[in-house]
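A.B. asks: Quick note, this note's numbering runs 31 ahead of the 1-based positions in the sequence shown. Backbone N, C-alpha and C define an ideal beta-carbon position, used for all residues, glycine too. Computed from a prediction, not measured in an experiment: that's the story for all the values here.
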Amino acid sequence: MINQEKSLVFGVAPEMVQNRCCKRAYLRGAFLARGSVSRPGGSYHLEITCPSYELAESVQKLSDSLGIKFRITERKGRAVLYLKDSDQIADCMRIMGANYALLEFENIRAFKSMKNQVNRQVNCETANLEKTLNASIRQVEIIQQLIDKVSVKGIPEDLRELALIRLDFPDATLKELGEMMSPNLSKSGVAYRMKKIEKLGERL
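(1) Look at the alpha carbon of T80 and the alpha carbon of K92, and state the distance between them as a whole number of angstroms.
(2) Rounding to the nearest angstrom, what Cα-Cα distance links R59 and S74 in this structure?
(3) Anyone know if the C-beta pair for G66 and E78 falls short of 8 Å?
(4) In terms of alpha-carbon separation, which member of I186, A64 and A129 lies closest to K230?
(5) Which runs of the beta strand (DSSP E) at least 3 residues long sit entirely within the region 173 to 230? Give them in chain order.
(6) Where does S69 fall in DSSP's three states?
(7) For R170, does the count of other Cβ atoms within 10 angstroms reach 16, so buried, or fall short, so exposed?
(8) Under 8 Å Cβ to Cβ from A121, same chain only, skipping five residues before and after it: list those, please.
Shown next, in the form of structure tokens:
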């Protein structure tokens with residue numbers, strides 16, 4: 032690039048970017064000439080390719096003054112400015128005035144975030160269901176062993192009703208078991224009695 036003194040400038044000519052609006056315009060031009068944004072379906076990535084490392088450092092310094100923290104890497108002999116943080120990418124698009132692209136980017140980013148949140152919730156619920164199922168199977172096995180060894184009447188009276196209901200409803204939750212008892216029993220009360228049944232089975 033040639034400056035006002037007709038000298039060759041390899042970086043960003045200071046007289047071109049004295050004002051914030053000029054810096055924004057320069058960054059926008061650099062992106063339009065050699066920039067790209069990856070689809071948010073994968074990892075977030077915005078980059079600008081520069082023909083020289085000196086120019087890349089100059090653009091990096093300019094961007095830094097706008098609050099955009101580019102990093103520099105090298106690819107096929109060229110310097111590449113890049114962003115990986117989605118918030119920084121959104122800020123960069125906003126500064127460049129890419130409002131329509133920014134709106135689309137934010138919509139996809141919001142959808143991706145919601146999808147990840149749903150997946151985490153499903154995984155958590157699946158893990159809890161598996162834990163509950165394993166506990167139920169173990170309880171049924173212990174109760175059956177108790178009956179085989181001491182008969183139903185050998186189970187203490189305060190535990191007998193719960194033991195028989197668990198055998199009849201192996202998939203029921205502790206809350207559901209409590210609602211089937213007469214009188215009804217709270218979830219914590221069912222858990223307490225079930226632990227007593229398990230300890231009784233371990234002693235036999």
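C.D. replies: Based on what the coordinates show:
(1) 15 Å
(2) 22 Å
(3) yes
(4) I186
(5) none
(6) coil
(7) The amino acid occupying residue 170 in the given sequence is Gln; Arg does not appear at that position. With 16 or more other Cβ atoms within 10 Å, it is buried.
(8) L133, F136, E137 and R140
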